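Written below as structure tokens is the structure these notes are about.
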Amino acid sequence: MSSTIGHYVDGAKVAGGERTGPVYNPATGQVASQVALASAADVDAAVGAAAQAYGGWRAVPLAKRADVMFRMRHLLKERTDELARIITSEHGKVVSDAAGEVARGLENVEFCAGLMHQLKGEFSEQVATGVDVHQVRQPLGVVACITPFNFPAMVPLWMISTAIAAGNTVILKPSERDPSAAVWLAELFTEAGLPPGVFNVVNGDKETVDAILDHPDIQAVSFVGSTPIAASIYERAASNGKRVQALGGAKNHMVVMPDADLDMAADAAVSAAYGSAGERCMAISVLVAVGDVADDVVERIRQRMDKLTIGDGTDPASEMGPLITREAQQRVGSYVGGAADEGATVVVDGREREFDGDGFFLGVSLVDHVKPGMKVYDDEIFGPVLSVVRVDTYDEAVELINANDYANGVAIFTRDGKTAREFEFDVEVGMVGVNVPIPVPIGSFSFGGWKKSLFGDTHIYGPESFNFYTRRKVVTTRWPEPSESQVNLGFPTH
Ligand code: NAD
Numbered sequence: 001m002s003s004t005i006g007h008y009v010d011g012a013k014v015a016g017g018e019r020t021g022p023v024y025n026p027a028t029g030q031v032a033s034q035v036a037l038a039s040a041a042d043v044d045a046a047v048g049a050a051a052q053a054y055g056g057w058r059a060v061p062l063a064k065r066a067d068v069m070f071r072m073r074h075l076l077k078e079r080t081d082e083l084a085r086i087i088t089s090e091h092g093k094v095v096s097d098a099a100g101e102v103a104r105g106l107e108n109v110e111f112c113a114g115l116m117h118q119l120k121g122e123f124s125e126q127v128a129t130g131v132d133v134h135q136v137r138q139p140l141g142v143v144a145c146i147t148p149f150n151f152p153a154m155v156p157l158w159m160i161s162t163a164i165a166a167g168n169t170v171i172l173k174p175s176e177r178d179p180s181a182a183v184w185l186a187e188l189f190t191e192a193g194l195p196p197g198v199f200n201v202v203n204g205d206k207e208t209v210d211a212i213l214d215h216p217d218i219q220a221v222s223f224v225g226s227t228p229i230a231a232s233i234y235e236r237a238a239s240n241g242k243r244v245q246a247l248g249g250a251k252n253h254m255v256v257m258p259d260a261d262l263d264m265a266a267d268a269a270v271s272a273a274y275g276s277a278g279e280r281c282m283a284i285s286v287l288v289a290v291g292d293v294a295d296d297v298v299e300r301i302r303q304r305m306d307k308l309t310i311g312d313g314t315d316p317a318s319e320m321g322p323l324i325t326r327e328a329q330q331r332v333g334s335y336v337g338g339a340a341d342e343g344a345t346v347v348v349d350g351r352e353r354e355f356d357g358d359g360f361f362l363g364v365s366l367v368d369h370v371k372p373g374m375k376v377y378d379d380e381i382f383g384p385v386l387s388v389v390r391v392d393t394y395d396e397a398v399e400l401i402n403a404n405d406y407a408n409g410v411a412i413f414t415r416d417g418k419t420a421r422e423f424e425f426d427v428e429v430g431m432v433g434v435n436v437p438i439p440v441p442i443g444s445f446s447f448g449g450w451k452k453s454l455f456g457d458t459h460i461y462g463p464e465s466f467n468f469y470t471r472r473k474v475v476t477t478r479w480p481e482p483s484e485s486q487v488n489l490g491f492p493t494h
């Protein structure tokens, strides 16, 4: 009998009800445990605990909130390896990559340790005679965070760090595919001194999410996941009067200009396309070869692919692990099969690579002569498949990218500053890399795509996140002499 991962409510682990789902070890293909799938009543209990904790937490002095963040930073840094191994056991990514995810999540805790600065208000003196105005930032109340499988620690940390720092209390609903990291983070926050009820984890599926979206006591929802679900979450939560930010999927292009260093570009393309088995929202999935570089760059990528070591993420020799589920392994493979039927050239077919055992492994694929209109180009594949689109000019490259519905990340490889600057100006994508294939902003900026990669108007983590998780209150003050008071029905002016 496998164990069941429950919820974390009011500072303690709690068992779930009867509904459960399997959690796999993707490297073996075996069910490792079960996860509880919360009902509406379970969600309600967690929201009750969060609502109960809210009054106390928002009154905690900022310096004491910062203390929790500093302690959390220390603990997380000290125990990165433990968390990385938990991530690998359920997600499959290699341990070094999982540790990288923790490090990028840690940036958000570090940024939030400076919450004093982010929560600072504004003051205008003497806006009218004897009248001053100031603005404060106040928390929203109970907020919910719903996260995807591909970053089971980093994406929760993107959200919860700021939500908590700003004085809210939180319900986190992590992916049911790899839920253990979230419960572990909740326990660590408790160890760091966070009071019970401030950060709660409710495991579950669509039924659980629907209960969150419809709960009247949840004020805001942060979501990261695929575009169709992001769109539906945005609509349902907003129609229930909640503040929403819903980050969706991606199809990230990497432009290789004729003047680029082709070895550097090939290294970057292989790293960004196949790292974490392509299961990153900022993975490069389309390489746009400009001018006559295509044959050369395709060959350099192919040579590098042969050398990649794919295996169990716990093996230090592995550079890439398995996919998250059997279904993902088959779906991703089917795109490679379909690409040839659509007229593309399959240079390397990852399905041909053989693996021992029943893990959800798939080899890396490279597909050339891809065009818009082919499924391999139009869909977010979310696996180790790199497409190559050949164009003649820079303008064609930009036109291709700007016509795409997704607009999360993009990169250009060139040695020419003027081209890079023009690209930055022209391209309609939220995050741009110049000779940087995965331009995930550092924690002091905010992260977000454009178009169908983000529903709502606020990017996640960093300064924009403090806007999302606070509401501004403006106070107008005067201290007149009572003796000067009189009735005046006119509209107040200065
Ligand atoms: P997903 O959309 O399937 O699931 C995300 C979350 O939504 C999970 O918690 C899941 O339980 C829940 N969910 C799934 N189906 C639902 C439904 N019908 N109704 C309500 N809730 C539902 O995404 P995933 O497969 O876990 O993650 C991969 C996707 O996330 C990719 O599309 C990737 O691009 C995207 N992603 C985007 C970013 C970003 O910052 N833009 C970051 C990471 C991942």
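Numbered continuously in UniProt numbering, the sequence shown closes out at residue 494. We put the CB at the ideal spot given by N, CA and C, even for glycine. Keep in mind it's a predicted model, so treat the numbers as computed, not measured.
Taking only heavy atoms of the ligand NAD into account, decide whether any of them is closer than 6 Å to the Cβ of residue i.
i: Asn150; result: yes
i: Leu277; result: According to the sequence provided, residue 277 is Ala. The question's Leu does not apply to it. It does not: the Cβ of Ala277 is nowhere closer than 6 Å to a heavy atom of the ligand NAD.
i: Cys145; result: no
i: Leu247; result: yes
i: residue 499; result: Residue 499 lies beyond the stretch modelled for the chain, which goes from 1 to 494, so this question has no answer here.
i: Gly100; result: no
i: Gly225; result: yes
i: Ala41; result: no
i: Val209; result: yes
i: Ser465; result: no
i: Ala182; result: no
i: Ser175; result: yes
i: Cys281; result: yes
i: Ile229; result: yes
i: Ala411; result: no
i: Ala250; result: yes
Would you report the Cα separation of residue i and residue j, rounded to the nearest angstrom?
i: Ala12; j: Lys206; result: 24 Å
i: Asp42; j: Asp261; result: 55 Å
i: Pro139; j: Val385; result: 43 Å
i: Val35; j: Pro179; result: 7 Å
i: Gly333; j: Asp349; result: 9 Å
i: Leu362; j: Glu354; result: 8 Å
i: Asn203; j: Cys145; result: 11 Å
i: residue 501; j: Thr227; result: With the chain covering only 1 through 494, there is no way to say anything about residue 501.
i: Gln486; j: Leu188; result: 59 Å
i: Gly16; j: Lys375; result: 40 Å
i: Ala84; j: Phe455; result: 30 Å
i: Ser365; j: Ala103; result: 29 Å
i: Glu424; j: Val432; result: 7 Å
i: Ser33; j: Pro322; result: 18 Å
i: Lys371; j: Ala63; result: 55 Å
i: Thr345; j: Val155; result: 35 Å
i: Thr4; j: Val23; result: 9 Å
i: Lys251; j: Pro492; result: 53 Å
i: Leu489; j: Gly130; result: 19 Å
i: Val224; j: Thr147; result: 5 Å
i: Val347; j: Met305; result: 11 Å
i: Asp10; j: Tyr54; result: 12 Å
State the DSSP-derived secondary structure class of residue i, mapped to helix, strand or coil.
i: Gln138; result: strand
i: Asp379; result: coil
i: Glu352; result: helix
i: Ser124; result: strand
i: Met257; result: coil
i: Gln245; result: strand
i: Phe425; result: helix
i: Thr88; result: helix
i: Val332; result: helix
i: Gly338; result: helix
i: Val475; result: strand
i: Gly433; result: strand
Subject >> Length-filtered (4 minimum) alpha helix (DSSP H) runs lying within the stretch 2-82 >> reply: Here the runs fully enclosed are 40-59, 62-78.
**OP:** Assess, as a yes-or-no matter, whether the stretch 394-405 is touched by the stretch 262-276 under the definition of 3 or more beta carbon pairs within less than 8 Å.
**Re:** Touching, no, given that fewer than three Cβ pairs across the two stretches are closer than 8 Å.
Original post:
What residue ranges within the stretch 204-233 form continuous beta strand (DSSP E) runs of no fewer than 3 residues, ordered along the chain?
Top reply: 218-224
Original post:
What are the uninterrupted segments assigned as beta strand (DSSP E) that are 3 or more residues long and contained completely in the stretch 368-416, given in chain order?
Top reply: DSSP runs (the beta strand (DSSP E)) wholly in the stretch 368-416: 385-391, 409-413.
**OP:** Mind the definition here: the stretch 159-170 touches the stretch 229-239 only if three or more C-beta pairs lie below 8 Å; say whether that holds.
**Re:** With fewer than three CB-CB distances shorter than 8 Å, the stretch 159-170 does not count as touching the stretch 229-239.
Subject >> Validate contact between the stretch 309-323 and the stretch 408-415 using beta carbons, cut 8 Å, 3 pairs >> reply: no
Original post:
Okay, do the stretch 190-201 and the stretch 169-178 touch, 3+ Cβ pairs below 8 Å being the bar?
Top reply: yes
**OP:** Taking 8 Å as the threshold, find out whether the stretch 49-67 comes into contact with the stretch 75-92 through three or more Cβ pairs.
**Re:** no
Original post:
What are the start and end residues of each continuous alpha helix (DSSP H) run of 4 or more residues lying completely inside the stretch 141-180, in chain order?
Top reply: 154-165
Original post:
Taking only runs of the alpha helix (DSSP H) that begin and end inside the stretch 259-318, which ones reach a length of at least 4 residues, in chain order?
Top reply: 262-274, 294-306
**OP:** Would you check if the stretch 449-465 and the stretch 244-260 touch, i.e. whether three or more CB-CB distances between them fall below 8 Å?
**Re:** yes
Original post:
Does the count of Cβ pairs from the stretch 281-299 and the stretch 382-398 closer than 8 Å reach three?
Top reply: yes
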